[in-house]
Every structure is written in structure tokens, then in C-alpha cells.
Amino acid sequence: MNISEKTINNYTIISLKGILNASSAPKLKTYIAGMPDEQSLVIDLENVEFLDSSGLGALVGIARKKRTSRAVMKLARMNERVKKVFEITQAYTLFDIYDDVSAAAEV
Amino acid sequence: MNPIITLTLQANLRYVRIASIMACNVAEIFADFTCNSTDIAEFCHAYELSVSEAFTNSVRYAKPSQPEKQVTIRFSSDNSSLAVSIIDTNSQFNPVTQAPDISNYPEGGYGLFLIHRLMDTVSYTREDGTNILTMTKQATITHDT
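Chains as they are written, first to last, in our numbering: chain A, 1034 to 1140; chain B, 27 to 171.
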């Protein structure tokens, strides 16, 4: 999985590309752990080809930490395969989810 | 059920993608030959995701005392359904089906719940120190008119 970042307004946009599973989730957690806890994030999922519950768990864990730090974490551009995992587990209830990265970083 | 293919992998998370890609490919070939018309992509995704979950669990709960830990993935089918079994020699486990309490922001505990939601039937047996988790789904058969 490749991770890249850019900044829009006060948000760091984290773009993920590839597979987010038990093998790659630690890389995402380590990457986010290297950022300030209070930094608000938009995670761009457009190029995530596959996500399983380990990938979901990593995102939920990051969201919990951001919530504790009173920072904001949003998700953007979820494809249908990724969306299915969020729907079955009802994890979508934990996140603000946007179709567009710029819109997510505007609010 | 007739056997299709069996794959044994080292119990290491670096190989989880091999297991899930294989599951997706076997499901695609099965659906292609079995169905006149079905949502093949959704059928394949169910196997890709379920095997990813089950293989990950097998690796995570592997006994540290076993130096050569392995996980076996076995596919079999009949005319309309495809079964995949995940086989390991870990300790016996309870294949719970309840959803984790999402309001607590849990990082884990979703795997078996997802499998039960994606598959038609999920069975667990313990035989001679071996765990066998078998997941089966019926391909949707639509006859031409």
C-alpha cells in the first residue's frame, strides 16, 4: 500500500493506494502515529482496491485517537467494495464520509 | 462436494493476499461456469473478503510453539455452491457471530461477523486437533428465457 499526503485548508489529506489488510494496516497506523495527534485528517480511499476488517480496524483506531485529541477525521471517495465493509459493520456511523476530497476539507 | 484445489501457506500475514486473491479467482471461475447470469463481482468479493478474514484469524491465533505453522485453504463445489475451508492446528475457538459494539470504536472483532454476513452457511468443526472453518455460498442461477 502506498501512502501520500498533501494539505488543503487545515486538513492533511492522506491518500491510500492498494490493499488495506492485516499485512498493510500497520504501515498506515505507523504513518499516522508520526503526525501530531491534534492534526485533522481526510483519508482519501479512492484508490483502495481492497479493504478487510483489519484495514477497517486501523481506520476506526485512528478515528478513536483523533476523537480523544478533539481532532477531526473524515473519509472521502469510498468505492463500492470498501463501502460494503463499512455498511455491514455499520462503521459508517463513526465517520463523516464525503464523495469529494475538497468538500471534506472545506467544512 | 467435489474437491477443486487445496493450497497450504505459511501462517504469516504477508501471505494473506495470496489466499484472498486465490479465493476471488476460484470464485470467479466457478461463477462463470455455473451461472448464466449473476453478480459475479459481488460473489467473488464475498470469497476474497471472507478468506482474508479467516486466514488473518488463523495467523493471529497460531500457537507460538509451532515453528512451522501453516494454514490450508481447501475449495470444493457442487453444481451450484462453492465451499472454502480454512484449516489450521490452532487452539479450539468459538466462532462467534455477534457484531462488535461499534459505538466503542473497536479495532477488532469484525472478522467472523463479516464472514457470517457474506456467506450463506458457515460451519466450524474440530477434528483431531484441527480447526476447520467452512464457508459456503450459492451462486445465483438465472436461466435464459
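Backbone N, C-alpha and C define an ideal beta-carbon position, used for all residues, glycine too.
Check your understanding: Could you check where the alpha helix (DSSP H) with LEU159 of chain B kicks off and where it finishes?
Key -> Annotation for LEU159 of chain B: no alpha helix (DSSP H) segment contains it, though the beta strand (DSSP E) segment containing it runs 156 to 164.
*Return helix, strand or coil for ASP181 of chain B, following the three-state DSSP convention.*
With chain B covering 27 to 171 only, the question about residue 181 of chain B has no answer from this structure.
Residues of its chain near ALA1109 of chain A, where Cβ-Cβ distance is below 6 Å and the 5 sequence neighbours each way are ignored = Counting only Cβ-Cβ distances below 6 Å, and skipping sequence neighbours, we find VAL1075, ASP1077, TYR1131, VAL1134, ALA1137.
request  = Determine the burial state of THR171 of chain B: buried for a count of at least 16 other Cβ atoms within 10 Å of its Cβ, exposed for fewer.
outcome  = Because the pLDDT at THR171 of chain B is just 41, under 50, the model does not fix this residue reliably, and the point stays unresolved.
Task: CB of SER1048 of chain A within 8 Å of CB of ASN1080 of chain A, strictly - done: Against a cut-off of 8 Å, the Cβ pair of ASN1080 of chain A and SER1048 of chain A comes out as a contact.
Using a C-beta to C-beta distance shorter than 9 Å, which residues of chain B count as neighbours of LEU1127 of chain A?
Here the neighbours are ILE128, SER129, TYR131.
Chain B within 8 Å of ASP1145 of chain A, Cβ atoms only
This structure leaves residue 1145 of chain A out entirely; chain A is present only between 1034 and 1140.
Can you tell me the Cα-Cα spacing of PRO1059 of chain A and GLU133 of chain B, whole angstroms?
-> A straight line joining the alpha-carbon of PRO1059 of chain A with that of GLU133 of chain B spans about 12 Å.
Among A:ILE1095, A:ASP1129, A:LYS1098, A:SER1086, which residue has its Cα nearest to the Cα of ARG1114 of chain A? Sorting A:ILE1095, A:ASP1129, A:LYS1098, A:SER1086 by C-alpha distance to the C-alpha of ARG1114 of chain A places A:SER1086 at the top.
**Prompt:** Apart from the five residues on each side of it in sequence, which residues of its chain come closer than 6 Å, Cβ to Cβ, to MET27 of chain B?
**Reply:** Hits under 6 Å: SER102, ASP104, ALA109.
Look at the alpha carbon of TYR136 of chain B and the alpha carbon of LEU1127 of chain A, and state the distance between them as a whole number of angstroms. Going from the Cα of TYR136 of chain B to the Cα of LEU1127 of chain A covers about 15 Å.
Find the residues of chain B that neighbour ASN1054 of chain A, judging by a C-beta separation of less than 9 Å, and give them in chain order. The contacting residues are LEU39, VAL42, ARG43, SER46, SER78, THR82.
State the DSSP-derived secondary structure class of TYR87 of chain B, mapped to helix, strand or coil.
Per DSSP, reduced to three states, the secondary structure at TYR87 of chain B is coil, with no helix or strand assignment.
Given a limit of 8 Å on CB to CB distance, which residues of the segment 1093 to 1104 of chain A reach chain B? Listed by position, the residues of the segment 1093 to 1104 of chain A near chain B (Cβ gap below 8 Å) are VAL1093, GLY1094, ALA1096, ARG1097, ARG1100.
Checklist entry - For the alpha helix (DSSP H) that contains ALA1138 of chain A, what are its first and last residues? => result Here the alpha helix (DSSP H) through ALA1138 of chain A covers 1134 to 1139.
- Is any beta-carbon of chain B found at less than 8 Å from that of THR1040 of chain A? It does not; no Cβ of chain B falls within 8 Å.
Original post:
Can you tell me the Cα-Cα spacing of ILE1052 of chain A and SER106 of chain B, whole angstroms?
Top reply: Rounded to the nearest angstrom, the two C-alpha atoms are 30 Å apart.
Practice item. Within the same chain, show all residues whose beta-carbon is closer than 8 Å to that of PRO126 of chain B, passing over the 5 residues directly before and after it, in chain order. Key: Contacts found: PRO132, GLY134, GLY135, TYR136, PHE139.
For LEU1089 of chain A, return the contacting residues in chain B, with the cut-off set at a CB-CB distance below 8 Å. By Cβ distance, chain B contributes TYR136.
- In this structure, does DSSP put THR171 of chain B in helix, strand or coil? Low per-residue confidence applies at THR171 of chain B: pLDDT is 41, beneath 50, and the placement is therefore not dependable enough to give any value.
Discussion item. Given this structure, state the Cα-to-Cα distance separating TYR150 of chain B from PRO121 of chain B, to the nearest angstrom.
Written reply: Approximately 7 Å between the Cα atoms of the pair.
Q | Minimum C-alpha distance to SER78 of chain B - residue among B:GLY155, B:ILE31, B:ASN38 | A | For SER78 of chain B, the closest alpha carbon among the candidates B:GLY155, B:ILE31, B:ASN38 is that of B:ASN38.
Sequence-distant residues of its chain with Cβ nearer than 7 Å to ILE44 of chain B (five each side left out)
LEU35, listed in sequence order.
Burial state of SER84 of chain B, where buried means 16 or more other Cβ atoms lie within 10 Å: Counting the other Cβ atoms within 10 Å of the Cβ of SER84 of chain B gives 16 or more, which makes it buried.
Using only alpha-carbon positions, find the residue among B:ASN51, B:TYR87, B:ILE113, B:LYS89 that is nearest to ASN157 of chain B.
Of the candidates B:ASN51, B:TYR87, B:ILE113, B:LYS89, the one whose C-alpha sits nearest the C-alpha of ASN157 of chain B is B:ILE113.
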